[in-house]
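The structure appears below as structure tokens.
Numbering (the UniProt record's numbering), first residue to last: 1 to 133.
Right, here's the structure in full:
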């Protein structure tokens with residue numbers, strides 16, 4: 001088995017695999033929190049990293065028939081949700097290529113500022129001659 005290379009997207013709020021804490025996405029990629037998965041509440045994201053995909057499956061869901069792939073953590077293999085490959089109904093096509101992560105299967109934590117302020121400039125020593133500073 002080869003090495004697993006993981007990506008970190010950064011961001012102020014990070015969503016990670018609840019099983020192994022591998023970073024998956026951030027708050028900036030969140031489209032909606034109004035979805036339902038097999039374990040309850042689920043979130044729709046535009047971009048998610050560090051995931052693997054199952055074969056395409058045809059599923060009838062609350063919003064109609066969709067072609068989907070289950071998504072799992074690239075690091076530990078835990079099931080996380082699914083990705084919409086194709087929606088039969090025109091009104092549902094906005095989901096195509098988007099990823100559902102089930103809330104019970106991910107954790108949300110603080111990340112870091114994407115554009116932190118520059119470090120303060122060093123203050124000169126008051127008794128040091130100008131030509132040395």
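Every residue, glycine too, gets a C-beta built ideally from N, C-alpha and C.
Taking only three categories from DSSP, how would you classify residue i?
| i | result |
| --- | --- |
| residue 47 | coil |
| residue 42 | strand |
| residue 62 | coil |
| residue 55 | coil |
| residue 108 | strand |
| residue 102 | strand |
| residue 69 | strand |
| residue 93 | helix |
| residue 27 | helix |
| residue 134 | The requested residue 134 does not occur in the structure, where the chain is confined to residues 1 to 133. |
| residue 22 | coil |
| residue 34 | strand |
Return the Cβ separation of residue i and residue j in integer angstroms, given the expectation that the two are a contact with Cβ distance under 8 Å.
| i | j | result |
| --- | --- | --- |
| residue 74 | residue 84 | Their Cβ separation, rounded to whole angstroms, is 19 Å, which puts residue 74 and residue 84 out of contact at 8 Å. |
| residue 30 | residue 48 | Going by Cβ atoms, the distance from residue 30 to residue 48 rounds to 10 Å, so no, they are not a contact pair. |
Got a sec: is the Cβ-Cβ distance from residue i to anything in chain D below 8 Å?
| i | result |
| --- | --- |
| residue 38 | The structure shown contains no chain D, having only a single protein chain. |
Please name the residue, chosen from the options, that lies closest to residue i on a Cα-to-Cα basis.
| i | options | result |
| --- | --- | --- |
| residue 18 | 118, 45, 108 | 108 |
| residue 42 | 118, 101, 110 | 101 |
| residue 106 | 44, 3, 4 | 44 |
| residue 99 | 32, 14, 13 | 32 |
| residue 78 | 53, 110, 58, 91 | 53 |
| residue 14 | 112, 3, 40, 118 | 112 |
| residue 35 | 70, 69, 81 | 81 |
| residue 104 | 16, 39, 3 | 39 |
| residue 72 | 26, 118, 20 | 20 |
| residue 143 | 26, 92, 110 | One cannot answer for residue 143 here, as it falls past the ends of the chain, which runs 1 to 133. |
Does any heavy atom of the ligand GDP sit closer than 7 Å to the C-beta of residue i?
| i | result |
| --- | --- |
| residue 79 | Looking at this structure, you won't find the ligand GDP or any other ligand, since it has none at all. |
Could you tell me the boundaries of the beta strand (DSSP E) in which residue i lies?
| i | result |
| --- | --- |
| residue 87 | 79-87 |
| residue 8 | Element bounds for residue 8: n/a, residue is neither H nor E. |
Legend entry - Sufficient close CB pairs (3 or more, under 8 Å) joining the segment 5-12 to the segment 59-67: No: the two stretches stay apart, fewer than three of their Cβ pairs being nearer than 8 Å.
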